[in-house]
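Each remark here refers to the structure printed beneath this line.
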Amino acid sequence: MTTGQDRAAQPATPPEDDEALPTIAEQMADQLGGWRGLVESSIPVVVFVVANIIGDLRLAVIASVALALLIAGLRLAQRRPIRHAVNGLFGVGIGAAIAWRTGDERDFYLPGILYGIGYGIALLISAAVRQPLVGWIWSVLVAKGRSEWRTDPKLVRTFTRLTVLWGVVWLAKVGVQAGLYLAHQDTALGVARLALGYPPYALLLLITVWTVRRVTRESQPTPLPGA
1 MTTGQDRAAQ PATPPEDDEA LPTIAEQMAD QLGGWRGLVE SSIPVVVFVV ANIIGDLRLA
61 VIASVALALL IAGLRLAQRR PIRHAVNGLF GVGIGAAIAW RTGDERDFYL PGILYGIGYG
121 IALLISAAVR QPLVGWIWSV LVAKGRSEWR TDPKLVRTFT RLTVLWGVVW LAKVGVQAGL
181 YLAHQDTALG VARLALGYPP YALLLLITVW TVRRVTRESQ PTPLPGA
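Residue numbers (our numbering): 1 to 227.
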């Protein structure tokens, strides 16, 4: 009898599947690829800008694509995740192909500009129809496919506001790049591509993770004393 009472008095063990969310630093490091991911994704663009200034379009295209291929190959040989390297290679490759075909170095940045416009519009539309894209991305990348936030009005509002924020910032930064593109400011466009790439993304990611974790903690019921 005593053994049964002791067992009843013991707190229930939380299920193993209910794992704590990664820390803010861990989530940001995973999405940005760490410092190595930041550097590796930026180097091909830097090389294109520099090579185009000191040489010509042909040199810039060959150098940037070759470096992107080298980075992806090194990651593959080291059996490291190549998601960020492949993304960078894909973006550099398409831009380089268009610039090579048209003979205009500013076209190297055109795919990124068009992608940014489409992504920003998609974010705002998803918020308008109450299906915030940031919430669904959170479900895939952080919540292991779970989407319980859809049943929490507070979290739905939070993800909707965050989605609007992402959309506005994305359209603002791509608007700057589009303006430089139309003005034929090739070198300034390359600098803007770097400056408006990861820094705003990292800031938005930090705001998103911090906000969602705070709202999630506030939504959890406070356990009764002695429960």
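Positions of the beta carbon are idealized from the N, C-alpha and C atoms, including for glycine. None of the values given here were measured: they were computed from a predicted structure.
- Query: Is Pro199 helix, strand or coil by DSSP?
  - Reply: helix
- Message: By the three-class DSSP mapping on this structure, what secondary structure does Pro225 have?
- Response: Interpretation of Pro225 is limited by its pLDDT of 48, a score under 50 that renders its predicted location unreliable; the figure taken from the coordinates is listed afterwards. It is coil, neither helix nor strand.
- Message: Suppose you measure from the CA of Ile54 to the CA of Gly93; what does that come to, to the nearest Å?
- Response: 21 Å
- Task: Output yes or no for whether 7 Å exceeds the beta carbon distance between Tyr181 and Arg106.
- Result: yes
- Excluding five sequence neighbours on each side, which residues of the same chain lie with their C-beta closer than 6 Å to the C-beta of Pro173? One detail in the question is off: residue 173 reads as Lys in this sequence, not Pro. These residues qualify, in order along the chain: Leu196 and Pro200.
- Going along the chain, which residues of its own chain have a beta-carbon closer than 6 Å to the beta-carbon of Asp186, five neighbours each way excluded? Glu105 and Arg106
- Message: For Trp170, which residues in the same chain have their Cβ closer than 7 Å to its Cβ, ignoring the five residues on either side in sequence?
- Response: Gly116, Tyr119, Gly120 and Leu123
- What three-state label does DSSP hand Val156 in the structure shown? helix
- Nearest to Ala178 by CA position, among Pro111, Val129, Arg58 and Gly135, is which residue? Pro111
- Message: Spatial neighbours of Asn52 within its chain, please: C-beta separation below 6 Å, excluding the five flanking residues on both sides.
- Response: Ala60 and Glu105
- Query: From Gly135 to Asp56, what distance separates their C-alpha atoms?
  - Reply: 44 Å
- Task: Only counting runs of 4 or more residues, tell me where the alpha helix (DSSP H) segments fall wholly within the region 128-195, in order along the chain.
- Result: 133-141, 153-182 and 186-195
- From the beta carbon of Thr216, is the nearest beta carbon of chain D less than 7 Å away? As a matter of chain content, chain D is missing from the structure shown, which is built from one protein chain.
- Could you give the residue range of the alpha helix (DSSP H) that holds Arg75? Leu57 to Ala77
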